[in-house]
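Taken in order, these protein sequences are the chains called L and S.
Just so we're aligned: the first sequence equals residues 310 to 739 in our numbering.
Just so we're aligned: the second sequence equals residues 310 to 739 in our numbering.
2 protein chains.
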Amino acid sequence: MKALRVALLGCGTVGTEVARLLTEEGAELAARIGAPLELAGIAVRRPARHPEVPQDLLTTDAEGLLRSDIDLIVEVIGGIEPARTLLRDALSRGISVVTANKNLLAECGPELYEAADESGADIYFEAAVAGAIPLLRPIRESLSGDRINRVTGIVNGTTNFILSAMDETGAGYTETLEEAGRLGYAEADPSSDVDGFDAAAKAAILASLAFHTRVGAHDVHREGISEVSSADIAAARELGRTVKLLAICERVRGESGEESVSARVYPAMIPRSHQLAGVGGAFNAVYVEADAAGSLMFFGQGAGGVPTASAVLGDLVTAARNRIAGGFGPRESAHAALRVQPMGETPTRYHISLDVADVAGVLEQVAAVFAKHEVSIAVVRQEGRTADANLVIVTHSAPDRALRATVDAIAGLDVVHAVTSVMRVEGEST
Amino acid sequence: MKALRVALLGCGTVGTEVARLLTEEGAELAARIGAPLELAGIAVRRPARHPEVPQDLLTTDAEGLLRSDIDLIVEVIGGIEPARTLLRDALSRGISVVTANKNLLAECGPELYEAADESGADIYFEAAVAGAIPLLRPIRESLSGDRINRVTGIVNGTTNFILSAMDETGAGYTETLEEAGRLGYAEADPSSDVDGFDAAAKAAILASLAFHTRVGAHDVHREGISEVSSADIAAARELGRTVKLLAICERVRGESGEESVSARVYPAMIPRSHQLAGVGGAFNAVYVEADAAGSLMFFGQGAGGVPTASAVLGDLVTAARNRIAGGFGPRESAHAALRVQPMGETPTRYHISLDVADVAGVLEQVAAVFAKHEVSIAVVRQEGRTADANLVIVTHSAPDRALRATVDAIAGLDVVHAVTSVMRVEGEST
């Protein structure tokens, strides 16, 4: 059988592993596919920086490589350009693509899907979300006969490492971030991770697949973890909760029955008994709730060159099999075209800690503010009876806008010295 | 677009849900597939027993139904015949099949796969193992570029319910089985579950997919849970372990480097810190270890009409998409053709409890028996110094045959009054 020619675009930690496995596991992969894969070339910017791959395969001319009778592309360059133009052109010429590029998909997915659709090429991207964990294929294929209602994920290893460490040691955010950097879990510029951009791109991809609706990175409400304090973590612990950065994709039913999609990323308190609470260190896990299937959880390594290469190669084998079988994988499914609900309308719950003048006298005033904003209180805890008393309030579910306004109004009360912690609560019934 | 005609064979709890969802979710499924699905008929033995499905679709003539221009079959009859003959004939005529029939696949899978292969039809069976949990598609597609080394699963809800309850209440096996029957978690004849037949069929399917090797039900070493006593559970608890019925599929490397496959089902002690230890009640979970992906876990509902229908419909949508796209799903992959290793050769670890005459004098004799069989001892715990002393031994890894022989020899020692518990230990380093 004629070999299928594979072009590798980019050669960082994932690309290097893909090149190695394509070489070392060539015979096994050929047996599984029914034809050998031939690594035709590796496009990089600076060939001298890649001594660990076959030197004769390196080229700086990605476009030229893609014009050399290529069947399949693995794209691990990252970023928008030149990946976007290279992949769109290749897809429109019928070349199938496997990519790990979450930002590209979250920003420009639809134009790539359309190019694939028109030519009959495949585009697979399992590695773009939750690394080695098989997640996108289950969502868009295994659950394709079901109705997904909610996807709640820990999809960023760096932030999960930091929050887990803060929970274990009681240390503050800044010193824990520094420690994560020293250990190799945070990059020199950690903004993509700690400010939630990485998780938001993944949430956009998950929401698009789960709800058959186009959801881009700009549709995702995003809050990072840099404001999470050791006081927040301690407050969570006292209530039997822990803090996780969650990517939440939810089907929301309005009062008149119409459905919309909410996609959001923020740190939230979840009960320690929740299955996501035990996911420590740099691991990823995603909890999926569907009408018929019920609750499912997927757990594994969300990053790293070797685990991510596993997801890339799985997609590559699938795309290669399709090339031989003559069919193609699932296309973009955006027929539901649900409205994306703004964060202000989205029902959430808040945990609020206040430093107050005197608890006995304050509660009535605070409760009046909640009532005025139609926010119902679930739990109140009062500590101390002195000038430095502490009041903790957990709300029932209410629109986020009403909760925000409530917090602002409370902060303006004379009897409230300070709002010491505001955090959303997830993973328990409202 | 012309409708794809679906024949439903069987109408028990799963079939009834499939029929309901095909009707209620028809428009949504059509949008996802690109063509509507038409439920062409439901073959049952006694139509009068199925008042909850459209009566005009019921027929007792399955063969006739399958001759009426059918595109796709959902088979939920169960058992070997008539499912085997009906499906083999339909597949050879190019009709794609979705089945939840684990016993049929574990007994006669290869002849069905061959029929599908020759005609170009699909056969999908996600629902056959672990119900609603997307597991087979991840193993044979997402991990198709990786090397799976081990699959360890809790794949039978009835036995997990019983063992979890025994662990929580301290009650014995017989009364807990009765309780499970009262609550609807065990059938009137529970043998298929408690004797491990159900789990063994699933292990055969998992091992076949994970190791690209034909593994049938007869290749799976099988032990059920009816011998598990409250004393075993208590002994596990004392060592920080719990007892689970595990289906284990393992790639074993012999001393000369050749690989074989071990597939086995038995109750075993696992550490309480293991991810599978927390899987309680009737839930299923499967832990997969692969070279590149590392450790993955999949968790969810393993049985029940509605969850299982989710898996069936996911396969049906996939098979329908393939019918439209012109390709087909992954074929049987048995190229590795690894040897199936007999249980006697398979390395395991034992936990052994003994009632002995006098610990101080006995240990030397017992240790000599272990040494003679070349079984290395990892932990010894002695309790009591009287005529009724107790000795607990946990071994290092050794061939199962040597462990069995050691237990037999120890049982024959004069100083050993009784071997009170023998159980394998899994989920920790050897």
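Positions of the beta carbon are idealized from the N, C-alpha and C atoms, including for glycine.
Note that the coordinates shown come from a computational prediction; the quantities given were computed from them, not determined experimentally.
Please list, in chain order, the chain S residues whose beta carbon lies closer than 8 Å to that of residue i.
i: L:His-644; result: Ala-340 and Arg-341
i: L:Pro-634; result: It should be pointed out that residue 634 of chain L corresponds to Ala in this sequence rather than to Pro. Within chain S, the residues near L:Ala-634 are Gly-636 and Phe-637.
i: L:Leu-318; result: Result: empty, since nearest Cβ-Cβ is about 18 Å, beyond 8 Å.
Looking at residue i: is its Cβ nearer than 7 Å to the Cβ of residue j?
i: L:Val-621; j: L:Val-407; result: yes
i: S:Ala-676; j: S:Asp-455; result: no
i: S:Arg-446; j: L:Glu-450; result: yes
i: S:Ser-662; j: S:Ala-544; result: yes
i: S:Asp-734; j: S:Val-716; result: The sequence shown places Val at residue 734 of chain S, not Asp. No.
i: S:Gly-466; j: S:Ala-591; result: yes
i: L:Ala-718; j: L:Val-684; result: no
i: L:Ala-618; j: L:Val-327; result: yes
i: S:Leu-554; j: S:Thr-468; result: yes
i: S:Ile-557; j: S:Thr-704; result: no
i: S:Val-649; j: S:Val-570; result: yes
i: L:Asp-667; j: L:Ala-727; result: no
i: L:Thr-522; j: L:Ala-646; result: yes
i: S:Ser-401; j: S:Ser-377; result: no
i: S:His-359; j: S:Cys-417; result: no
i: S:Ala-352; j: S:Leu-374; result: yes
i: S:Pro-363; j: S:Ala-312; result: no
i: S:Ala-441; j: S:Gly-609; result: yes
i: S:Met-475; j: S:Ile-542; result: yes
What does residue i touch in chain L if you count any residue whose Cβ is under 7 Å from its own?
i: S:Glu-450; result: Arg-446, Gly-623 and Thr-627
i: S:Ile-442; result: Leu-605
i: S:Glu-559; result: Residues of chain L passing the Cβ test: none, with the nearest at roughly 18 Å.
Residues of chain S with a CB under 9 Å from the CB of residue i: which are they?
i: L:His-521; result: Glu-337, Ala-340 and Arg-341
i: L:Val-615; result: Asp-600, Ala-601, Ala-602 and Gly-603
Grab me the residues of residue i's own chain with a C-beta within less than 8 Å of its C-beta, minus the 5 sequence neighbours each way, in chain order.
i: L:Ile-379; result: Arg-314, Val-315, Ala-316, Ala-349, Ala-399 and Ile-404
i: L:Asn-631; result: Ser-405, Asp-431, Phe-637 and Gly-638
i: S:Ala-687; result: Arg-658, Val-703, Thr-704 and His-705
i: S:Ala-495; result: Thr-467, Phe-470, Ile-471, Leu-486, Ala-489, Asp-502 and Val-503
Determine the chain S residues that contact residue i at a beta-carbon separation under 7 Å, and present them in chain order.
i: L:Phe-607; result: Phe-607
i: L:Ser-453; result: Arg-341, Gly-623, Val-626 and Thr-627
i: L:Ser-618; result: Reading off the sequence, residue 618 of chain L comes out as Ala, not Ser. Simply Ala-601.
i: L:Glu-683; result: Near L:Glu-683 there are no residues of chain S at all, since even the closest Cβ is about 34 Å away, more than 7 Å.
i: L:Glu-435; result: Ser-451
Within the same chain, show all residues whose beta-carbon is closer than 6 Å to that of residue i, passing over the 5 residues directly before and after it, in chain order.
i: S:Val-689; result: Ile-702
i: S:Asn-412; result: Ala-510
i: L:Asp-504; result: Gly-533
i: L:Ala-392; result: Glu-384, Ile-386, Asn-410 and Leu-413
i: L:Val-588; result: Ile-463 and Ala-594
i: L:Ala-577; result: Leu-555, Arg-733 and Glu-735
i: L:Tyr-422; result: Glu-641
In chain L, which residues lie less than 9 Å from residue i when you measure between Cβ atoms?
i: S:Asn-631; result: Ala-634 and Gly-636
i: S:Gln-610; result: Ala-602, Gly-603, Ser-604 and Leu-605
Any Cβ of chain B within less than 7 Å of the Cβ of residue i?
i: L:Gln-674; result: The chain labelled as chain B is not found among the protein chains of the depicted structure, namely L and S.
What residues in its chain sit with their C-beta under 7 Å from that of residue i, if we drop five residues either side in the sequence?
i: S:Arg-341; result: Val-626
i: L:Ser-604; result: Tyr-596 and Glu-598
i: L:Arg-354; result: Thr-369
i: S:Gln-674; result: Leu-722 and Val-724
i: S:Thr-433; result: Here the sequence assigns Tyr to residue 433 of chain S, which means Thr is not the residue at that position. Only Val-407, Asp-624, Thr-627, Ala-628 and Gly-638 meet the Cβ criterion.
Taking Cβ-Cβ distances shorter than 8 Å, what residues in chain L pair up with residue i?
i: S:Gln-650; result: In chain order: nothing, as chain L lies at least about 20 Å away.
**Request:** Output the residue ranges of the beta strand (DSSP E) runs that lie fully inside the region 569-634 of chain L and measure 3 residues or longer, sorted by chain position.
**Result:** Inside the region 569-634 of chain L, DSSP marks whole beta strand (DSSP E) runs of 3 or more residues at positions 592-599 and 603-610, from first to last along the chain.
**Item:** Contiguous alpha helix (DSSP H) assignments of at least 4 residues, all confined to the region 339-400 of chain S
**Value:** 371-375
**Item:** Residues of the region 319-334 of chain L whose Cβ lies closer than 8 Å to any Cβ of chain S, in chain order
**Value:** Glu-326, Leu-330 and Glu-334
**Request:** With a floor of 3 residues, list each beta strand (DSSP E) that falls wholly inside the region 631-716 of chain L, ordered by position along the chain.
**Result:** Those beta strand (DSSP E) runs which fall completely within the region 631-716 of chain L and span 3+ residues are 656-665, 686-692 and 698-704.
**Prompt:** What are the uninterrupted segments assigned as alpha helix (DSSP H) that are 4 or more residues long and contained completely in the region 395-483 of chain S, given in chain order?
**Reply:** 411-428 and 466-478
**Item:** Ordered list of alpha helix (DSSP H) runs contained in the region 513-567 of chain S, each at least 4 residues
**Value:** 539-547
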